[in-house]
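Protein chains in written order, with the numbering used here: chain A, 1 to 135; chain B, 136 to 472.
Written below as structure tokens is the structure these notes are about.
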Amino acid sequence: MLTSGPVIVMQVPEQFTGEEAHLFMQELGPLLESNRPRVVLECSQVRSMDSAGIETLLHCLEEALKRDGDLKLASVSPEAEVMLELLRVARVFETFSTSEEAVRSFNAIPADALPQEAPWYGAIFGDLGALKQAS
Amino acid sequence: MPGAIVIAGVESQAEENEQLNSCGVSSRECRQSFLAGVELLGQSVFGRLIQHLSHFSFDTMAVFVDSSLAHEIDDLSGMQVDAADVWRGAARSLIEAKEAGIDAVLLAQAGAYVEFDPADLIRFHRDCGNIVTRACDDRGLLDLWVIDPGIVQENIDLKSSLQTAGRPYYQVHGYVNRVETLRDMRQLVADGLSSRCHLRPQGVEVRPGVWMAEGAQVERGARIVAPAFLGRDVKISEQCLITRCSSIERNCQIDYGTVVEDSSILSGTYVGIGLDLSHCIADGTCLVNLTREVALEIKDPVVMRLMRQNKPHGEGNRQLPSNFRHGEAVLSAAQER
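Shown next as structure tokens:
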């Protein structure tokens, strides 16, 4: 059974640099301390982002993953996209074109919640096991 | 006995669109900047134009530069910097040519990169018996004329007179790049490195397709994959990869492990450690991504910075025009095409 709470959606500030990034982290930090935090960062407003901003995103992702949660990006502005690519972190984040899509992705049924049917090869190996025993 | 005049001014060509239609050309935006002054593959388009014309036997050659552009040009020796109007300077020069008995003067306004034969253009002008002959290509008119100085009077409005010049136009069949947008600039670099035009990098071809200028250093473990150009005193650190028609202009440094792909790094730019530059033009603290059509100011000196004054004229160590930060101005023309 899943125990995580609701998905948190937060808007990343337009100037996601130095001090702004620090303030953002102060706001988001406590939310990441919950069990299995599920966070969507909406990046459509981002016009400027520096290495401090990228560092903050990576730190948030790390905190979320440590607690078995995840952090996803949504509506990433071209400016933010260029910076993420420039600093080679674009592939680290799962990105979605809208926040709704990102939220929905959290609610997808996890693999371990699916009914476990016997694998297709079960019957074959089952028979082989019986043959082995017989021999 | 022909003469030549080259002018470098920030001009608009939009007003000429009516005439352009006669040559089957789509509309263009105003030329808002002097991209022809930006060093590409070791030399600016403006510098290449002067060099190209100087190889022909013109009796006189005058160069007029708008004072607002003077700081963007490396070597102003032999050029006249005109604060008022480069066109007026050109008109004065035409009158002097008339007095000296010169029968044809080639007038080129720096902007587009045009591969043409000046001798053939002047021959065409003489054969047609025109007063003014203007060059064009498949896309429209070019800022290249041959003028009979005999018609030039004192106080002539040369610019208007030339814009009203009609047919027949001289058809340029060689390579033309109008260098109106940053995308055009990148295209010119790619075409030069891929030998799609006669624009040659200023350096030695150390391997097929890899050009290096004097003083360029490549550290052990760095890879330069053709076609690529490294300008004068460029430093490429260990584990870097420079490829896909990238050009690293004079005095740049690309730091450890960075990949530069399909990009131009303009002179005096430091690019930090472990970065990925793709489809970009980088100039000091400014980065333009041509795929996403975004221009960014990088304020983090660890990522990108201007290394030092690389121009003798103090101001304007940045190569791209100041309006490019509002990227749209320079990018949109390409977008609309």
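Glycine included, each C-beta is placed from N, C-alpha and C at the ideal position.
This one's a predicted model, so the numbers in the text were calculated from it and none came from an experiment.
Closest Cα partner of residue i within the set the options
i	options	result
E376/B	I359/B, R313/B, V345/B and Q178/B	With the sequence shown as reference, residue 376/B is identified as Leu, and Glu is not the correct amino acid for it. Looking at the Cα atoms, I359/B is the closest of the given residues.
Q352/B	D368/B, G138/B and D252/B	D368/B
T299/B	I266/B, L422/B and C380/B	I266/B
V92/A	R104/A, L57/A and F106/A	L57/A
H187/B	A197/B, P362/B, V221/B and F251/B	F251/B
R261/B	G246/B, A245/B, D283/B and Y248/B	D283/B
G350/B	A361/B, A357/B, G344/B and G338/B	G338/B
D278/B	V200/B, L328/B, M320/B and A243/B	A243/B
Q178/B	E432/B, A361/B and G327/B	G327/B
A52/A	E20/A, P30/A and S34/A	E20/A
N312/B	R331/B, F364/B, V221/B and G285/B	R331/B
A254/B	L204/B, G224/B and F191/B	F191/B
A64/A	V82/A, V40/A and V46/A	V40/A
S203/B	F193/B, S189/B and D220/B	D220/B
M320/B	R440/B, I257/B, L425/B and G285/B	L425/B
R67/A	N35/A, A90/A and V82/A	N35/A
K233/B	G285/B, C387/B, R274/B and F364/B	G285/B
R379/B	M439/B, V438/B and F364/B	F364/B
S296/B	V437/B, I433/B, V438/B and W222/B	W222/B
E42/A	F96/A, A102/A, Q11/A and M83/A	Q11/A
L431/B	V82/A, V76/A and L28/A	V82/A
I291/B	D238/B, A205/B, G224/B and C421/B	G224/B
L293/B	F193/B, I433/B, T393/B and S228/B	S228/B
N-terminal and C-terminal residue of the beta strand (DSSP E) that residue i is part of
i	result
N424/B	C421 to N424
L412/B	D411 to S413
I142/B	P137 to A143
F96/A	E94 to F96
Q186/B	It is not in any beta strand (DSSP E) - Q186/B instead sits in the alpha helix (DSSP H) that spans V180 to S189.
M10/A	I8 to Q11
F169/B	That residue, F169/B, is in no beta strand (DSSP E); it is neither H nor E in DSSP.
E396/B	V394 to E396
R342/B	V339 to R342
Y405/B	T404 to V406
S381/B	S381 to I383
D201/B	T195 to D201
M347/B	V345 to M347
A363/B	A363 to L365
M442/B	From DSSP, M442/B is part of no beta strand (DSSP E); its letter is neither H nor E.
Check whether residue i and residue j have beta carbons under 7 Å apart
i	j	result
K72/A	E94/A	yes
T268/B	Y310/B	no
E55/A	D411/B	no
Y405/B	M442/B	yes
T195/B	G144/B	no
T69/A	R38/A	Note that residue 69/A is Gly in the sequence shown here, rather than Thr. In contact: G69/A and R38/A (Cβ atoms closer than 7 Å).
I400/B	I371/B	no
P78/A	R427/B	yes
T98/A	A80/A	no
V198/B	V240/B	no
L317/B	V423/B	yes
V287/B	I230/B	yes
C415/B	S398/B	yes
E354/B	E340/B	no
L184/B	A226/B	no
D50/A	D435/B	yes
Y248/B	V180/B	yes
V395/B	S382/B	no
A102/A	F96/A	yes
V437/B	G407/B	yes
Segment limits, alpha helix (DSSP H) that includes residue i
i	result
I54/A	S51 to K66
F24/A	G18 to L28
M83/A	P78 to L86
E42/A	Element bounds for E42/A: not the alpha helix (DSSP H) but the beta strand (DSSP E), R38 to E42.
E373/B	Per DSSP, E373/B belongs to no alpha helix (DSSP H) and is neither H nor E.
I230/B	V221 to E234
E428/B	From DSSP, E428/B is part of no alpha helix (DSSP H); its letter is neither H nor E.
F106/A	S99 to N107
Assumed close pair residue i, residue j - CB separation to whole angstroms, cut-off 8 Å
i	j	result
L334/B	L176/B	7 Å
G366/B	R385/B	4 Å
S48/A	Q15/A	5 Å
L170/B	V314/B	5 Å
G409/B	R88/A	6 Å
C271/B	V307/B	7 Å
C60/A	L32/A	6 Å
S329/B	P362/B	6 Å
F106/A	V9/A	Actually they are not in contact, since the Cβ atoms of F106/A and V9/A sit about 10 Å apart, beyond 8 Å.
Cutoff 7 Å: residue i Cβ touching any chain D Cβ
i	result
P13/A	You won't find chain D in this structure, because its protein chains are A and B.
At 3 residues or longer, what runs of the beta strand (DSSP E) sit wholly inside the region 240-320 of chain B? 267-272 and 275-282
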